[in-house]
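A.B. asks:
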Amino acid sequence: MKRLWKLNQKRRRKLLSNPYIPMLTTVKDIISENKLNDIKTLDLIFKNEEDYKGFQYIPGQFAEISLIGKGECPIGIASSPTEEGSIKFTIKKMGTVTSGFHNCEVGDTVGIRGPCGNGWPIEEMKGKNIVVIGGGFAFSTLRSLIIYILDDRHRKDYKNITLVYGNRDSGEVLYQSDLEDWKKRDDINVILTIDREEEGWSDKVGFVAPVVKEIAPSPDDAIAVVCGPPIMIKTTIAVLEELKFKAEQILNSLEMRMKCGIGKCGRCNIGNKYVCIDGPVFSLAELKKMPSEY
Amino acid sequence: MEQKILKKDQIVKLYNHIVKDYNFYAPIKEKRNITFKKITNPEDIVLDYYNSKVPPKEIIFPQTDILFEYKINGKEIEIEEPKNLEEKNIIFGIRPCDAHSFVLLANFFSQGEFNDEIIMKRRENTTLIGIGCNTPKSTCFCTSVDGNPFQKEDMDIFLVDLQDKYLVEGITNKGKDLIKQFSWLANATESDLKEAQKLKKHAEDAIVTKLELKDIDKILDPNFEHPVWKEASEICIGCGTCSFLCPTCTCFDVIDENVPNENRGRRVRIWDTCQSCLYTLHTSGHNPRNSCIERVRNRILHKFCYYPKNYGMLGCVGCGRCVQLCPANNDLRVIIEKIMEIKPKKEEKITV
């Protein structure tokens, strides 16, 4: 996987000698993802075919996307490389730049630099049972991973897939149409949960960690991928360790404040590692060796 | 390589020769501080200075650096590459510590998959004509961090101030080729070389701070939670002077600057400091380095633990700016001494 990534970077470098200049894309579609309407997915098409060909990514990577004149921010890629033609980013409205994205209209220009980061280790995960555990809004790169694995070209490479996806309430559940599709399939076990009981909710109720404990995925030949708010990660990892998952079998994707995405602006370091180039995906075993400054 | 002699009154001649092809940066006095500026009058050059307040790194890594310029026409956007990267620069009169910082900067900005083309291009087009320090200050500690007041390896041409003249030595091929253009330079005599040796010895002896830094990265590594960090940050006011004026600090912020009432602007990077709270503050409100303790720790660890781990050399050049200019007198040398004291305690524990 690493080698593939390096090749991609080389190809990219040929296209862009100045690594801070974004490639330009056009907004093709904007989808509101939740009831509160503060999370939207932007579907982007590259203006230049060459740029798109050079943008070879794997699930779990992110990109620096920008509104020229407003600023730039790092966002996980929500689409899978198997969904050809465009790339998607799911963005929560928080500050100047993200609000700018929320005010975007179809046809607006968005800058992209990337792909950045290492992504999920899709090669090492081959032949394994995959347990995907997500909480809340941090689900975009997990969507990318699941779409990638469920693709006809890749499904045979992976064994059983279990998805546990928790949210505060039913209005916050992202990617509803994808979840509908996955529920219809028999090669992925989809378990949804919300924090409190709600009328018309037929799935589980409760926090993610106890739900994981209840379904008790087997650690044999398995990899657990955990993404979510810090408290959810903490409690879920405790449950997984209880279930005898080894630290090498638990993968996390970290978030950090970033500016450049290419290991130069300095702020995303944890010890001598930079989340933007050495991560954002780290196994729990790797994290245990690093200072707990994240 | 034989050494040459440049008489002090020949600097104007040297300047007039060089300025035809190069931007000539030299230390000048401005607002009571020494600063490196692109000069137009060689009479302004000050060479008997201690060191500049702002390190000359700003010539290849300016405080505000244009990444690109843009024009917005409705939904269409035009992007323009930064200009003037091909211009050739001479930095005249740079000190050995600052010249060494250019090596550290180049290591960092060229490392990994991503080469910072903007800075590396400027570095390639820059020639360093440095000068040895005859009279180091009390805050200097370059000899403790693998440096020397007469270290010439990091420069293209090295000068030694011999009172009424300069001893000139070409170090790199770039420097030697440049010297060849100055056929009017006299040859140095045996006594000039001896005099330079004497000055070197004298300067080394003048550096009173001797810090023991052996294996500091190995001491720092397991002591991330050590109480020394609370002690080291107690008087820090988080102003960031130490890192803004550090010749080896590389952190930057990126923002878009729009020209008011016009549909154009530029994306710039601006020096940033890890001593600021905003530096690591997440959008969610979470901050991995929430207090001065973590921020001071990060600065010291970056120079003395992380940089050595990534590049096999210390991330400090011993210029003493952070010591001299800290408004709260938080002395890096004292912090290092405290860190080095951790070692025996650990050994004691093992023997017990």
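From first to last, the protein sequence lines stand for chains A and B. Okay, so the first sequence: first residue is 1381 according to this note's numbering, each after it adds one. Okay, so the second sequence: first residue is -2 according to this note's numbering, each after it adds one. Here a beta-carbon is modelled for each residue, glycine too, at the ideal position from N, C-alpha and C. No experiment lies behind these values; they were computed from the predicted model shown.
#1: When we look at the beta-carbon of Arg1383(A) and count the other beta-carbons within 10 Å, is it buried (16 or more) or exposed?
#2: Thinking C-beta only, is Val1477(A) closer than 8 angstroms to Glu1452(A)?
#3: Which residues, in order along the stretch 263 to 282 of chain B, keep a beta-carbon less than 9 angstroms from a beta-carbon of chain A?
#4: In chain B, which residues lie with their C-beta within 8 angstroms of the C-beta of Pro1399(A)?
#5: Keeping to the same chain, check which residues put their C-beta closer than 7 angstroms to that of Thr1616(A); ignore five residues upstream and five downstream.
#6: For a contact meaning CB atoms closer than 9 angstroms, what does Met1474(A) contact in chain B?
#7: Count the other CB atoms within 10 Å of the CB of Cys274(B); is the residue buried (16 or more) or exposed (fewer)?
#8: According to the neighbour-count rule (16 or more other Cβ atoms, all chains shown, within 10 Å of its Cβ), is Asn258(B) buried or exposed?
#9: Which chain B residues are close to Asp1488(A), counting only those with a beta carbon under 9 angstroms from its beta carbon?
#10: According to DSSP, is Ser1520(A) helix, strand or coil?
#11: Relative to chain A, which residues along the stretch 306 to 321 of chain B have a C-beta separation below 7 angstroms, given in chain order?
#12: To the nearest angstrom, how far is it from the Cα of Asn1649(A) to the Cα of Pro1610(A)?
#13: Quick one: list the residues of chain B neighbouring Gly1449(A), beta-carbon separation under 8 angstroms, in chain order.
#14: Kindly give me the distance between the Cβ atoms of Tyr1437(A) and Ile1457(A), rounded to whole angstroms, as I take these residues to be in contact under 8 angstroms.
#15: Please list the partners that Phe301(B) has in chain A, where partner means a Cβ-to-Cβ separation under 9 angstroms.
#16: Taking one C-beta from the stretch 130 to 143 of chain B and one from the stretch 208 to 223 of chain B each time, how about it: are there three or more such pairs within less than 8 angstroms?
#17: Could you pull the start and end residues of the alpha helix (DSSP H) that Glu1560(A) belongs to?
#18: Do we get a CB-CB distance below 8 angstroms when we pair Pro93(B) with the residues of chain A?
#19: Roughly how many angstroms lie between the CA atoms of Asp1409(A) and Ile1574(A), to the nearest whole one?
#20: What's the call for Lys1639(A), buried or exposed, on a 16-neighbour Cβ count within 10 Å?
#21: Is Asp212(B) close to chain A, meaning its C-beta is less than 8 angstroms from at least one C-beta of that chain?
#22: With DSSP run on the structure shown, which of helix, strand or coil describes Val1512(A)?
#23: Where do the ends of the alpha helix (DSSP H) carrying Ile1669(A) lie?
#24: Between Met1671(A) and chain B, is there a C-beta pair that is closer than 8 angstroms?
#25: If you draw a straight line from the alpha carbon of Ile1455(A) to that of Lys1472(A), how long is it in whole angstroms?
#26: Check the Cβ-Cβ distances between Asp250(B) and every residue of chain A, and say whether any is below 8 angstroms.
#27: Considering only C-alpha positions, which residue in the set Ile1492(A), Pro1461(A), Lys1415(A) and Lys1420(A) is nearest to Leu1404(A)?
#28: Do the stretch 84 to 103 of chain B and the stretch 147 to 167 of chain B meet, that is, are 3 or more Cβ pairs less than 8 angstroms apart?
#29: Hey, quick one: how far does the beta strand (DSSP E) through Ser1633(A) stretch, first residue to last?
#30: For chain A, check one thing: does any of its Cβ atoms lie closer than 8 angstroms to the Cβ of Pro52(B)?
#31: Taking the beta strand (DSSP E) that Glu83(B) belongs to, which residues open and close that run?
#32: Could you tell me how far apart the beta carbons of Ile290(B) and Ser230(B) are, in whole angstroms, since I believe they sit closer than 8 angstroms?
#33: According to DSSP, simplified to helix, strand and coil, what is Arg292(B)?
#34: Taking the Cβ atom as the reference point for each residue, do Val157(B) and Ala193(B) lie within a distance shorter than 8 angstroms?
#35: Rank Phe89(B), Arg292(B), Thr124(B) and Cys313(B) by C-alpha distance to the C-alpha of Ile36(B) and give the top, closest one.
#36: For the candidate residues Ser49(B), Lys10(B), Leu322(B) and Ile69(B), whose alpha-carbon lies nearest to that of Thr1489(A)?
C.D. replies: Judging by the given coordinates:
#1: Legend: pLDDT at Arg1383(A) = 40, less than 50; position of this residue unreliable, no value from coordinates given.
#2: In this structure, Val1477(A) lies closer than 8 angstroms to Glu1452(A) by Cβ.
#3: Listed in sequence order: Arg264, Arg266, Asp269, Cys271, Leu275, Tyr276, Thr277, Leu278, His279, Thr280 and Ser281.
#4: Within chain B, the residues placing a beta-carbon under 8 angstroms from that of Pro1399(A) are Phe111, Asn112, Asp113 and Glu114, ordered along the chain.
#5: Result list for Thr1616(A): Ile1513, Val1588, Ala1589, Val1592 and Val1606, in chain order.
#6: Neighbours of Met1474(A) on chain B, chain order: Thr280 and Ser281.
#7: Exposed, because fewer than 16 other Cβ atoms sit within 10 Å of the Cβ of Cys274(B).
#8: The Cβ neighbour count for Asn258(B), taken over all protein chains shown within 10 Å, is under 16; the residue is labelled exposed.
#9: Against chain B, a Cβ distance below 9 angstroms from Asp1488(A) picks out Lys72.
#10: Helix at Ser1520(A).
#11: Those would be Lys306 and Asn307, in chain order.
#12: Their backbone Cα atoms lie some 18 angstroms apart in a straight line.
#13: Ordered by position in chain B, the residues that pass the 8 angstroms Cβ test against Gly1449(A) are Tyr67, Ile69, Asp253, Asn255 and Gly262.
#14: About 6 angstroms separates the two Cβ atoms, so the contact holds.
#15: Contacts between Phe301(B) and chain A, judged by CB atoms closer than 9 angstroms, are missing: the closest CB pair is about 11 angstroms apart.
#16: Counting C-beta pairs closer than 8 angstroms gives three or more between the stretch 130 to 143 of chain B and the stretch 208 to 223 of chain B, which meets the contact rule.
#17: First-last of the alpha helix (DSSP H) with Glu1560(A): Gln1556 to Lys1564.
#18: Taking CB atoms only, Pro93(B) has no neighbour in chain A less than 8 angstroms away.
#19: Cα to Cα, the separation comes out at about 28 angstroms.
#20: So Lys1639(A) counts as buried.
#21: Chain A, which has no Cβ nearer than 8 angstroms to the Cβ of Asp212(B), makes this no.
#22: The answer is strand: DSSP assigns Val1512(A) an E or B state.
#23: The question names Ile, yet the displayed sequence has Lys at residue 1669(A). Leu1664 to Lys1669 is the extent of the alpha helix (DSSP H) around Lys1669(A).
#24: Met is not the amino acid found at residue 1671(A); the sequence shown has Pro there. For Pro1671(A), the nearest beta carbon of chain B is closer than 8 angstroms to its own beta carbon.
#25: Distance between Ile1455(A) and Lys1472(A), taken at the CA atoms: about 10 angstroms.
#26: Taking Cβ atoms only, chain A reaches closer than 8 angstroms to Asp250(B), which makes this a yes.
#27: Of Ile1492(A), Pro1461(A), Lys1415(A) and Lys1420(A), the residue nearest in Cα terms is Ile1492(A).
#28: They touch, by the three-pair rule.
#29: Taken as a continuous stretch (DSSP letters only), the beta strand (DSSP E) holding Ser1633(A) covers Ile1630 to Ser1633.
#30: For Pro52(B), no Cβ of chain A is located within less than 8 angstroms of the residue's own Cβ.
#31: No residue range can be given for Glu83(B), since it is assigned to no beta strand (DSSP E) and is classified by DSSP as neither H nor E.
#32: 5 angstroms between Cβ atoms; contact.
#33: Under the three-state reduction of DSSP output, Arg292(B) falls in the helix class.
#34: Yes, the Cβ-Cβ distance between Val157(B) and Ala193(B) is below 8 angstroms.
#35: Nearest Cα to Ile36(B) within the set Phe89(B), Arg292(B), Thr124(B) and Cys313(B): Phe89(B).
#36: Among Ser49(B), Lys10(B), Leu322(B) and Ile69(B), the Cα nearest to that of Thr1489(A) belongs to Ile69(B).
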